[in-house]
Amino acid sequence: MNFISFLVTLILTNIKSTISLRASFVLQSIFMAINNLIFFSMWWIFFGKFEDINGWRLSEIEAMYGFAAGSFGLAVIFGDGVREIARKIIDGSLDTYLVQPKNILIQAVVAKSNASGWGDLVTAIILLALSGYLTWKNLPIIIILHIAATLIFLSVGIISQSLAFWLGPIEHLAREIFEFVLTFSVYPQTIFPSAFKVLLFTVIPAGFVGYLPVEVVKNFSIPFLIVCVIAAAIYLLIAVYVFSVGLRRYESGNKIGV
Amino acid sequence: MTKYWEFIKIEFQQGMQYRGAALAKMGFYGLVLFIFSRLWKVVAIKTTLSMPAKDMLWYLAMTELIVLSFPLIHLEIEEDVRTGNLAYFLTKPTSYMWSRYARGLGSVFSKLLFLIFAGLFFAYLFSGGFPEKPLGLLLFLPLLIISIAVYLLFQMSIGVSSFWIQDCSPVYWVWQKMSFILGGMILPLDIYPSWLKSIAMNTPFASLLYEPVKAALTLDVNLAFGVAFKLFLWGLLAIFLLSLIYKKACKQLVLNGG
Amino acid sequence: METVITAEKLQKTFITSGATYGFLGSIKGLLNPVRNEIEAVKSISFIVNKGERIAFIGPNGAGKSTTIKMLAGILHPTDGELKVAGLNPQKQRQKLAYKIGTVFGQKSQLWPHLPASHTFNLLSKIYDLDEVTYKKRVKDLTEIFSIGPFLEQTVRKMSLGQRMRCEIVASLLHKPEILFLDEPTIGLDIVAKSIIRDLVKTTSELDSTTVFLTSHDTGDMERVCDRVLVINNGEILLDNSISEVRKSYIRRKRITLLTEEENVDIQLKGVKLIESLPHSLKIEVDSNMIAIDTVIQEAFKLTKLRDITVEDPPMEEIVQDIYENFKL
Chain V
47 MNFISFLVTL
57 ILTNIKSTIS
67 LRASFVLQSI
77 FMAINNLIFF
87 SMWWIFFGKF
97 EDINGWRLSE
107 IEAMYGFAAG
117 SFGLAVIFGD
127 GVREIARKII
137 DGSLDTYLVQ
147 PKNILIQAVV
157 AKSNASGWGD
167 LVTAIILLAL
177 SGYLTWKNLP
187 IIIILHIAAT
197 LIFLSVGIIS
207 QSLAFWLGPI
217 EHLAREIFEF
227 VLTFSVYPQT
237 IFPSAFKVLL
247 FTVIPAGFVG
257 YLPVEVVKNF
267 SIPFLIVCVI
277 AAAIYLLIAV
287 YVFSVGLRRY
297 ESGNKIGV
Chain D
4 MTKYWEFIKI
14 EFQQGMQYRG
24 AALAKMGFYG
34 LVLFIFSRLW
44 KVVAIKTTLS
54 MPAKDMLWYL
64 AMTELIVLSF
74 PLIHLEIEED
84 VRTGNLAYFL
94 TKPTSYMWSR
104 YARGLGSVFS
114 KLLFLIFAGL
124 FFAYLFSGGF
134 PEKPLGLLLF
144 LPLLIISIAV
154 YLLFQMSIGV
164 SSFWIQDCSP
174 VYWVWQKMSF
184 ILGGMILPLD
194 IYPSWLKSIA
204 MNTPFASLLY
214 EPVKAALTLD
224 VNLAFGVAFK
234 LFLWGLLAIF
244 LLSLIYKKAC
254 KQLVLNGG
Chain L
25 METVITAEKL
35 QKTFITSGAT
45 YGFLGSIKGL
55 LNPVRNEIEA
65 VKSISFIVNK
75 GERIAFIGPN
85 GAGKSTTIKM
95 LAGILHPTDG
105 ELKVAGLNPQ
115 KQRQKLAYKI
125 GTVFGQKSQL
135 WPHLPASHTF
145 NLLSKIYDLD
155 EVTYKKRVKD
165 LTEIFSIGPF
175 LEQTVRKMSL
185 GQRMRCEIVA
195 SLLHKPEILF
205 LDEPTIGLDI
215 VAKSIIRDLV
225 KTTSELDSTT
235 VFLTSHDTGD
245 MERVCDRVLV
255 INNGEILLDN
265 SISEVRKSYI
275 RRKRITLLTE
285 EENVDIQLKG
295 VKLIESLPHS
305 LKIEVDSNMI
315 AIDTVIQEAF
325 KLTKLRDITV
335 EDPPMEEIVQ
345 DIYENFKL
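Residue numbers (this note's numbering), protein chains in the order written: chain V, 47 to 304; chain D, 4 to 261; chain L, 25 to 352.
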C-alpha cells in the first residue's frame, strides 16, 4: 500500500513538473502529435498508390504505428528517466537513490516525464481509431498490449543504459539502441526475411511493439497476446537482473572512471 | 570573407572529432536504407514503380543524405538566445548570422564526408548496384551543396524564432516532417496524387529534396539548372525572411536587454 | 553514551582496469586487462556518539567521500567492521536509509520546476511517513528554517541560500539519526553561510541528530562541529575536539590594521609580519604566545587605527599545519 502511494506520488510529481512549464508543455505535446501525423501521412500517400505490403493494408500500418507511438509515449511519460540512467551511473547521481529506502531502479526510471509523450499518445488514439481496430471488444486487449510494449521499451532502455556500469560513457550507444527499437517498430515486418525477423523478436525486440500487437487485434489471437505479455515479463526480468548486477559493481566502486 | 572561411574550417575540424555521433548517424542511415530496400522489393513484385526499385533506393539514399547531414543549428541559436550570448556576439566585427551560417556549413561538411561514403556503400549493398544512370551521382554533388546552403537558412530562421517561443524544437520537428512529406523524402513526388504534388511543387521543400535528386537520377541537366535557379530564388526568400526575423529580434534585444 | 557509528579497520581498495574509456577502450581492456589497485581508505577506526557533530576534513582524494559513501551504504567496504545506527550498511542499506539523511551541496534533491513542498510530499512517501507526523514535521521545520515565505515558490527561482535551507529540511523530514552534509555552504555568501551553520547546529541539538560534515570551509567546521576527524591518504591523522584543535592549530590569527601613520612596525614575540603597505599592515599572531588584545593595544600606542580585521588563517594553512605536524 505504501509502495503504491509512493509510486503514484513519484509519477504525479514528475508529470506536474512537466505541466508546470505550461507553454512548453502545450507546444511539445501538440507539435509532437502534428509531427507524428505528418510523418504518418507518408503511408496515406503510399497506399493511395499501392495495394498492400505482403498482406498488410493501410489499416494494419495505422494500427502498427498507433501501437508503437502509444507505447513509446507511455514509456517517456512514466519513465523518461530511463534515458538518463547511463549518465547517472557515470556522474554518480545514482547515489541519491542509494541513500533512500525505496527501490533504486524504479526511482531511476520514473525520475522524469516527457511532455512530448502526450502527443504520442494522442497520435496513437487517432491512428488506432482510423485503423478500425479500436473497438470496445478490442479495448482491453489494446490496453494490455500497450502495457506490455511500454515495459519492453523500458526494459530495452534499462538494459542498454546499464551497459554503462561496465563500459563507462556510452550514453550515445544506449540512446541509439533505444531508437533502433523504435525505428524498427514502425515498419511492417512482413517485408523482412525470416532470418532477420528472429532478430526483431530477440536482440531488437521491435516485433513485440508494433508487429505482433497488430497480428493480435487483426486475428483476435489470444495466444499471440499471451506471447506479448510473456515477452514483456522476460525482458523486464532481464532488465532488472542486468541492472542489479551492474549496481553491485557500482557499490563495489570498481566502475570505470572512479 | 576570409574570416567566415575560418569559421567553416574550425567547425569542420570540430565536427571531425565527434566520431561516436558520426558512427551512430551512419548506423541509422544504413538501417533506413535496409528497411526501404526490403519494402521496395516487396512492392515492386506486384506493382510497377515510377522508377526501377534500385533507383527508388538510391533516391532515398540521396534525400536522406541531405536531411541527415544537418546540424542542430536551431538549438545552438536557441542556446545563444537563452544564455544571452547573442548580445555578446553583437559586439564582434563579424555578423552573428553569417558566422553562425558559416559554422553550420562547416558542421554539415564534416558530416557529409562520412555520410557520402556510408550512403554509397549502403545503397550499393542493399540495392545491388549503381543507379541506372550512375553519372547522375556526379550531377547530384553540386545540387546537394546548393540545397544544403538554402536549407540551412530556413533552419536558422526557426532558431531565431526562439526569441518569441523559447523552445523552438517542436517547430523544427514540424518543419522537418513537412520537408519529409512535401519534399518527397521517402516517396518520390511522382507517386503522390496530382493535387498534392502540385502543392508540394510550390513549396521550397520540393526544390530542396525531390527535384535535385530527380534531376540527378534522370541525368536531366536542364532540370538541374532549373532546380539550381529555383533554389537560388528560395535562398533569396530565406535570406529575406531570416534577416527580417533577426532584425526584429535584435530590436527586442536592444529594448529589453536580452 | 550511545554509539551511532563504529568503524573498525575500515578499508576500501578500488580495482580499476586502467584508463579505458568508451566502447573500443573497453574491448581493449577486456582483451588485455590492466588492473590497478588503489587503496582509497587504508584502515581507519573511529567511534561516533549520538548527537556529536563531526567535521570530516582532508584534501581532495584523501578518502573522505569514499568513507562517507561506505557509511551511507553506497559503497561496500573491502574489509573491516562497520556499524551505523546499529546496522550493517552493506547488508541493511534499505533499513539504514530510514535512519540517515544526506545533503550533497552540489547535487539537488529538489524538483527544480516545482515548489519545494512537492518534493517534501514525495519524500514523505519515500520514507513512509504517516500524514499526521509528516504535516507536523514540515510545520516545525518550516518554522525553524523560516522557509515559509518561499515554500510554494518554484525551486528554480529561489536563491542558493533559500534552496540550501530547503535541501536540509528535505533531508531532515524523516528525523534521521545521522545527517551527512557534504559541502553544505559551498557557493553561499557570508550571511547565508552563517544562517545555514546556525540552523544545522540548532536542529542537531533539538533532535540530538548526529552530524557528519565535510567541508573546505573552516567556518563550517568551527561553527557547527564539536569534533574533527582529519583524513589524508586514506588514514586518519587526527581525531580530536574542535577546542583542542583550535588550541593547537587554529592558534594563529591574521590581523590587518589600517593605520593613520604611513609606516608602522610592531616588534613583538609571536607576531610575524606578512605584508606592509603604506597605511596598511598585515601581521600573523600566535595566540599561544601573545594575546590578540595585547597586540592591538601595542598597535594603538604606535598609531591611530582606522580599521581592524581579525581573521583565521585559511583552512588550507591549518590543514597544512596539521600535516606538517604529522610530517607529511
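Backbone N, C-alpha and C fix where the C-beta goes; we use that ideal spot for every residue, glycine too.
These numbers were taken from a predicted model, which means no experiment stands behind them.
- For E130/V, no Cβ of chain L is located within less than 9 angstroms of the residue's own Cβ.
- Classified as buried, W164/V has 16 or more neighbouring CB atoms from the shown chains inside 10 Å of its CB.
- The residues S267, F270, in chain order, have a CB closer than 7 angstroms to that of E261/V in the same chain once the five nearest residues on each side in sequence are set aside.
- Beta-bridge analysis with DSSP links E135/D to no other residue.
- The beta-bridge partner set that DSSP reports for G125/L consists of L203/L.
- For P139/L, the beta-bridge partners assigned by DSSP are T178/L.
- For W102/V, the pairing in a beta bridge is given by DSSP as I99/V.
- The Cβ of D141/V sits closer than 9 angstroms to at least one Cβ of chain L.
- According to DSSP, residue pairing for Q35/L in a beta bridge involves D103/L.
- Contact holds between the region 232-244 of chain L and the region 198-208 of chain L, because three or more Cβ pairs, one in each stretch, are under 8 angstroms apart.
- Taking 9 angstroms as the threshold, the shortest C-beta distance from F38/L to chain V falls below it.
- Taking a C-beta distance under 9 angstroms as the contact criterion, R330/L and V309/L do not qualify as a contact pair.
- In the DSSP annotation of this structure, the continuous segment of the beta strand (DSSP E) that includes K306/L starts and ends at 304-310.
- Taking every protein chain shown into account, the CB of D222/L has fewer than 16 other CB atoms within 10 angstroms, so this residue is exposed.
- Any Cβ of chain D closer than 9 angstroms to the Cβ of N100/V would place that residue at the interface, and such an atom is present.
- For S110/D, the CB contacts under 8 angstroms within the same chain, skipping 5 residues up- and downstream, are E14, F15, Q17, G18, P74, I76 in chain order.
- The beta-bridge partner set that DSSP reports for S300/L consists of L305/L.
- Interface criterion met: the Cβ of P147/V is under 9 angstroms from a Cβ in chain L.
- A straight line joining the alpha-carbon of G131/D with that of D223/D spans about 23 angstroms.
- Shown here, T30/L sits in a strand according to DSSP, grouped into three states.
- Residue pairing by DSSP places R276/L opposite D310/L in a beta bridge.
- Inter-residue distance for A220/V and G243/L is about 44 angstroms (C-alpha atoms, whole angstroms).
- Interface with chain V (9 angstroms Cβ-Cβ cutoff): R41/D is included.
- The beta carbon of A278/V lies closer than 8 angstroms to those of I193, A194, A195, L197, I198, S201, F254 in the same chain, with the five residues before and after it left out.
- Counting only residues of its own chain and dropping the five nearest sequence neighbours on each side, L99/L has a CB closer than 8 angstroms to the CB of K36, T90, K93.
- Nearest in C-alpha terms to L167/V, of all of G119/V, D137/V, V72/V, is G119/V.
- If you check each beta-carbon in the region 52-72 of chain V against every beta-carbon of chain L, the ones closer than 7 angstroms belong to F52, T55, L56, T59, K62, S63, S66, L67.
- Of K159/L, R59/L, Q321/L, Y347/L, the smallest CA-CA separation from I255/L is found for Y347/L.
- Under the three-state reduction of DSSP, R330/L is assigned to strand.
- Shown here for I298/L: same chain residues with a beta carbon closer than 8 angstroms to its own, the five before and five after excluded, namely R278, K306, I307, E308 in chain order.
- Across the structure, W8/D and A218/D are spaced so that their CA atoms are roughly 30 angstroms apart.
- Residues of the region 122-152 of chain L with a C-beta less than 7 angstroms from any C-beta of chain V: Y122, I124, T126, K131, Q133, W135, H137, L138, H142, N145, L146, K149, I150, Y151, D152, listed in chain order.
- The straight-line gap separating the alpha-carbon atoms of L147/D and P134/D is approximately 17 angstroms.
- Per DSSP, L283/V lies in no beta strand (DSSP E) segment; the continuous alpha helix (DSSP H) that holds it begins and ends at 268-298.
- Distances from the alpha-carbon of V84/D to those of K28/D, W101/D, S182/D, Q169/D put Q169/D closest.
- Using a Cβ-Cβ cut-off of 9 angstroms, S240/V does not count as an interface residue toward chain D, since no Cβ of chain D sits closer than that to its own.
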